[in-house]
Structures are given as structure tokens and as C-alpha cells.
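The block underneath contains the structure these notes are about, expressed in C-alpha cells.
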Amino acid sequence: MSNPSPFGLTRWLICIIASIGFAFDIYELLMLPLIIRPALQDLIGASPGSPEFSFWVGMLFFIPAMVGGVFGLLGGYLTDLWGRRKVLVGSILLYAFSACAAGFATSIEMLLFLRCTTFIGVCVEFVAAVAWLAELFPDQKQREGVLGFTQAFSSLGGLLVTGANWLAVQYGDLLPAIQGGHEAWRYTLISGVIPALPLLLIRPFLPESPEWQAKKDAGTLKRPSLKALFSDQYRRTTIVTTLMFACSYGAAFGALQQTPQMVPELPQVKAQTADKPVPEQKKIEQQVTAGVNFYQEIGGLTGRFLLAVCAIYIVSRRKLIRLFLFPGMILIPLVYFFPARDNLDLLKWGIFAVGMLTIGQFSFWGNYLPRVYPVHLRGTGESFAANIGGRMIGT
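Structure, rendered in C-alpha cells:
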């Protein structure tokens, strides 16, 4: 049995750029729950709870997910057709500059369009990065470790965006005015350009997947096909992974990502904002919400690292996913039936545990999907499960 290849500079660069990509794709997604309330109040003057407010909340969550799912599937196909590196780099640049531009939105329609392009980049990035890493590290233990620990940086992205939002709330008045004001939500969106900066420097040193490139050069790389995903060989895998991905995203976006909208309605928060001027009320609500979000992301980070360690030592993939799935099914209803209604302190700890069990599952799919599809279908198969199942059906 051969020893795994040592980690040289190139491999470290690969892990760094993958970690940045995973961190900031979640960074971009988790901006919305943090900024949607103040953004709608500023752009259309809608009050929370009004029909107009509820309509645009739905649009900003639903439409980008649908657009991202469709174009994400196309991105997976292009990952198999054009190569992993090219599509990965393009997707990161797309979501980074789209998020930055969204900070200068002058209308709700402009914000919606730029959230769609951000979502497209995020949906494609996950697929391209997972296929790329799986083929750059052929040794099984090394591959499981690299995929697990780089994906754990997704939850670091959640912590980073929570921190960025907190800094924007605290120090936004010191930054240059945008559209005549110093709204924290705009600075939070603009911070999404950060991953593009190191990528532009590192890009020339990033290799293409050797497995994909060898087949391409030899002329043996088959053409990707959606139809092939439903052949006798892959039909069951495609259907089951798509449905499971949908359930994971349903729990995350149906519960976890709605929590920031619940926090301002808690009795403890209402007591803090009572008799305060509206600007101060908004600031307090955003600070408390960011604090709750911090607990969620710490839980998610814990769950992802826990799964990364377990993935190396637990051979059975079924046992691995059950460690997170079954406790999560019990805990999520309990947290949202009880502390989410009237107990801020208990909600923080509940959301930590739910985040650990729910967000930790996402790393499982990045480790599992490259195992079950061949090189020419890897991007397409991953994209169908993640984007059709997760982004479209689940979200």
C-alpha cells in the first residue's frame, strides 16, 4: 500500500483557496437573514409583519434559490465539460463581485437581481470545489480529511459574516456614505468581495484536476449527461441523494435561517427596545440577532469539525449520517416549539445544538457524493443533488 503524497506548497494553496471558497459561499448566503429586515425598511419602507414586507422576504429567499438551482445545475455540467479549476475560479469571482454590487442597490429589484447572481456563483462553487478536491487527493484518508476540514470553513464563514455585520452596525457611521446614508446592511454586503482578492493572486498557481485532465488529454473523457444520472446504474443514488439533500436544506432554510427574524419578537428583546427611538431600536435588534447567530455558527462549526473527524474513522456512510440525522429530528421541533417563542437565553443554546446537528450534515454530502459518480458525471451528479434537491426543493 503506497503512502499518501506529502503536502507541498501547491497542495497548501489548494486547501487555502478551497477553504476561502467554502467559507465565503456560506458568508454570502447568510448575509440575507442578517440584512433583509433593515434592507427592506430602507429600500421600500415596509414595516415588519406587513403584507409588502412578507412578500419581498419570500421573493428574496425563493427566487435566488430557484435561479441558483437551475444555473447551478448548468455549472455542474460545465464543471465536467470544461474542467474543475476554470469553473471554480469563475464562480467565486461571480458571487464576490455580485455581493459587493448589491451593497450599492438603489431598488429592491436591483437587490433581488444581484442576490440571484450571487446565488448562482455559490451554487456552482460548491460543486466545482468538491469535485476538484476529491480528484487532487486520491488517497482515501487524505481525501476524507481534506474535504471534511476545508468544508468546515463554511461555518467559519457564518461566524465571519456575523462579525462583519456587528462591525458594520457598530462602526458604519465612520465609513463613507452610500446613497446618502451609513446603513450597516450595505457595508455587510460589500464585504462579500473579500474572497476575490486572494483568488486573483493565487489563481496562476492552481492546478487542474489531474484525473479529469488525463482523461481529457487521452480523449477518453465521456460527455456529461443528465440522462445518465437516471440510468439503471445511478438512478437510485441520484434520487436518494437528491431527497436527502432537500431535507438537509429544508431544515436549514426552513428553520435555522428564519431565526434572525424571530429574535426581534422575543419578549426580552422587546423589553430592551421599548420607548427607544426607531434608529436605536433597529440597532439593538440587529445586535441581539447577531449574538444569536453567533451561537448558531459556533454550533455549525463544531458539527462540521466533528463530522470531519468521524469521516476519517467511521467507514460506514450510513452510520456517519445517522449520528447527526436522528438527534436533529428530535431537537429541532423542541427548540422551535419552546425557547424560540419566549426565552432568549435558552434559544441561544438550543440554536447551538441544532446548528451542530443540522449544519454538520452538509459536510457529509461533500465527502459522499464524489464517491458515487465517475469523473465525467461527478460535477453533474453533485450539482443535481445539491442544487435541484438542496437549493430548489429544500430551500
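Quick note on our numbering: the sequence shown kicks off at 2 and runs consecutively.
Ideal Cβ positions, reconstructed from N, Cα and C, are used throughout, including at glycine.
Predicted model, so just to flag it, every value in this text is computed and none were measured.
Could you tell me how far apart the beta carbons of residue i and residue j are, in whole angstroms, since I believe they sit closer than 8 Å?
i	j	result
residue 15	residue 137	6 Å
residue 225	residue 337	Actually they do not touch by this definition, with Cβ atoms about 40 Å apart.
residue 355	residue 257	7 Å
residue 88	residue 80	5 Å
residue 130	residue 306	Wrong, their Cβ atoms sit about 18 Å apart, outside the cutoff.
residue 55	residue 133	Not quite, the Cβ-Cβ distance comes to about 40 Å (not below 8 Å), so this is no contact.
residue 165	residue 192	5 Å
residue 99	residue 115	5 Å
residue 40	residue 186	5 Å
residue 142	residue 17	Incorrect: roughly 21 Å between the Cβ atoms, too far for contact.
residue 179	residue 105	6 Å
Hey, would you say residue i sits closer than 8 Å to residue j, going by beta carbons?
i	j	result
residue 190	residue 97	no
residue 94	residue 19	no
residue 69	residue 388	yes
residue 184	residue 26	no
residue 146	residue 242	no
residue 273	residue 322	no
residue 160	residue 298	yes
residue 128	residue 76	yes
residue 397	residue 109	With the chain covering only 2 through 396, there is no way to say anything about residue 397.
residue 231	residue 366	no
residue 300	residue 352	yes
residue 28	residue 162	yes
residue 252	residue 329	yes
residue 263	residue 341	yes
residue 121	residue 73	yes
residue 188	residue 175	no
residue 155	residue 309	no
residue 254	residue 395	yes
Measuring alpha carbon to alpha carbon, tell me which residue in the options is nearest residue i.
i	options	result
residue 158	317, 115, 121 and 302	302
residue 377	119, 222, 109 and 309	222
residue 369	345, 117 and 315	315
residue 371	187, 144 and 205	144
residue 345	57, 362 and 271	271
residue 135	380, 72, 310 and 177	380
residue 64	232, 283 and 112	112
residue 140	212, 128 and 84	212
residue 42	21, 347, 283 and 295	283
residue 349	54, 295, 281 and 255	295
residue 249	393, 236, 317 and 85	393
residue 374	359, 237 and 262	237
residue 261	251, 275, 289 and 278	289
residue 311	188, 150 and 58	150
residue 170	74, 286, 264 and 155	286
residue 37	179, 177, 291 and 359	291
residue 21	10, 199, 177 and 84	199
residue 304	318, 325 and 313	325
residue 331	358, 317, 318 and 309	358
residue 11	207, 309, 278 and 276	207
residue 265	31, 9, 23 and 35	35
residue 293	280, 334 and 269	269
residue 214	334, 275, 320 and 85	85
residue 1	334, 279, 227 and 9	Residue numbering for the chain in the displayed model covers 2 to 396; residue 1 lies beyond these limits and cannot be assessed.
residue 279	48, 30, 57 and 9	48
residue 32	52, 8, 57 and 119	119
residue 259	13, 46 and 30	30
residue 364	327, 333 and 318	318
residue 107	71, 167 and 46	46
In the DSSP output, which residue or residues are listed as bridge partners for residue i?
i	result
residue 182	179
Can residue i be considered in contact with the ligand NAD, in the sense that its beta carbon sits closer than 7 Å to one or more heavy atoms?
i	result
residue 217	What this structure holds is no ligand at all, so the ligand NAD is not there to describe.
Query - beta strand (DSSP E) runs contained entirely in the stretch 271-299, provided each spans 3 or more residues - result: none
Requested in this report: At 4 residues or longer, and completely inside the stretch 305-340: list those alpha helix (DSSP H) runs for me, N to C.
Outcome: 318-338
Query raised in the report: Could you give the uninterrupted runs of the alpha helix (DSSP H) lying entirely in the stretch 99-153, keeping only those of 4 residues or more?
Result: 109-137 and 141-152
Query raised in the report: Going along the chain, which unbroken runs of the alpha helix (DSSP H) with 4 or more residues stay wholly within the stretch 27-114?
Result: 52-83 and 85-103
Query raised in the report: If you scan the stretch 224-274 from start to end, which runs of the alpha helix (DSSP H) of 4 or more residues do you find wholly inside it?
Result: 236-255, 260-263 and 268-274
Requested in this report: Quick one: which unbroken beta strand (DSSP E) runs of 3-plus residues sit fully inside the stretch 353-380? Chain order, please.
Outcome: none
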